[in-house]
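Using my numbering, the first residue of the sequence shown is number 699, and each one after it goes up by one.
Don't be surprised by glycine CBs; every beta carbon is placed ideally from N, CA and C.
Scroll down for the structure; my scribbles are underneath it.
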Amino acid sequence: MAKDMKIAVFFPGIGYHCDKPLLYYSSKIIEKYRYEVVKIVYKGLSRSLDEAFQGALEQAGKQLEGIDWAAYDDILFVSKSIGTAVACAYAAQHGIRCRNIYYTPLAQTFGFEPQPGLMFHGTDDPWADTPAIQEKCAEARQPLRLIENVNHSLEAKDDIQRNLHILQDVMELTEEYVAGTLRYRELREEEICQELFGGFIRRQDVVDCWRREEGKWVVKPDPFTDDWTKEDYRFLVSCLKNTARTGGYVYGAFYCGALKGFVSVEPGLFGGGLKYLDLSCLHVSRELRSQGVGRALFQAAAAWAKEHGAARLYISGHSAVETQAFYKSLGCVEAQEYHQEHVEKEPYDCQLEYVL
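Next up, the structure:
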């Protein structure tokens, strides 16, 4: 059997066929990566959503008959509107494990337990309620790219230039997902939201921690699991938005279009001689730890801090042995000056600095 066989199947919407912008340009991207491309075509669908779904599913099944799914190393389903439900239902019926790009999913889509993928939704979509889509994505741990004030086609009314920019952004994210590449970039305040963290896994299972006793650092057993609740994510989003809004630095690592790591540095020098800037967050999703992502994020934060006048980067670091080993491998040492607000807020953290 040939190696690296790849197939992409396009499931369009009722009135959004494969020659429309989202599906047309995404197919061009996918063809560039040497996928075999199959485009479903519907005929004579009912105006009733439920009947249209059944008809689209039946037609898709007939057009995909004879495909040996087991022969492919990579299966990608690209879907739009009702096609997102059809793609999920078809995959479930045939036991197909696939990657997915969902353009403007409907609430009905989530009834078929969508497999992991990248979702796009516009807040002015008359066919899908935004709070419902947000809630369902959160429950399914699906990354969601939320685009403000655009419709079911991800377009803004009478704003051609904005529509071109939106299409470009969506296609860039689409290509990241298709290629499976890791990309780093600064985050803007307006894109920081809870949905951004749909594919992020904070969980950290801690066994041993560093503790300061009688002036010396010692390792002590303190097993616990560190994870974030919905409220923790809400607080995180508010903090990161504030950092970006006030002139700080928020920088992310994206894998397959989903946020998998981020770092933030607060604006405003402090300490003796105003030499410190505060690295307030650095986290990597569980599945990508120990692969260099954290190091790349830290180095980007350090470069930004140096450019903005700092001599040292301040870190109030998690006391877990693994976390401290990471910071020490970068050259971080115990801080010469302690930031009292950090000490009071997280008394078990290790107060560190990095010379720029």
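Item	Value
Could you please give the first and the last residue of the uninterrupted beta strand (DSSP E) stretch that includes Glu911?	902-911
So, at 7 angstroms on beta carbons, what are the nonlocal neighbours of Phe895 in its own chain, with the 5 sequence-adjacent residues on each side left out?	Tyr931, Leu957
Out of Glu888, Ile738, Ala768, Gln859, which one is the CA nearest neighbour of Val776?	Ile738
Going by DSSP, name the residue or residues bridged to Asn940.	Asn940 is not bridged to any residue.
Would you tell me roughly how many angstroms separate the C-alpha atoms of Phe808 and Asp976, rounded to the nearest one?	41 angstroms
For Ala700, does the three-state DSSP call read helix, strand or coil?	With a pLDDT of 47 at Ala700, under the threshold of 50, the predicted position of this residue should be treated as unreliable, and no value is reported.
Once the 5 residues before and after Gln806 are set aside, which same chain residues still bring their CB inside 6 angstroms of it?	Ala783
Among the candidates Val848, Pro829, His1037, whose CA atom is the shortest distance from the CA of Lys973?	His1037
How would you label His981, buried or exposed, when you count the other beta carbons within 10 angstroms and need 16 or more for buried?	buried
Drop a sphere of 10 angstroms on the beta-carbon of Val963, count the other beta-carbons inside from all chains shown, and report buried for 16 or more, exposed for fewer.	buried
Just the Cα atoms here: how many angstroms apart are Pro824 and Cys835?	18 angstroms
Is Trp767 helix, strand or coil by DSSP?	helix
The ligand SAM and Ala785: does any heavy atom of the ligand fall closer than 7 angstroms to the residue's C-beta?	You won't find the ligand SAM in this model; it holds no ligand whatsoever.
Could you please give me the residues that DSSP links to Pro919 through a beta bridge?	Asp906
Between which two residues does the beta strand (DSSP E) holding Asp925 run?	It is not in any beta strand (DSSP E) - Asp925 carries neither H nor E in the DSSP assignment.
Pull up the distance between the alpha-carbon of Leu721 and that of Ile728, whole angstroms please.	10 angstroms
Looking only at DSSP bridge pairs, what is Glu884 linked to?	Tyr949
Give the list of continuous beta strand (DSSP E) stretches no shorter than 3 residues that lie fully inside the region 789-820.	797-801, 815-820
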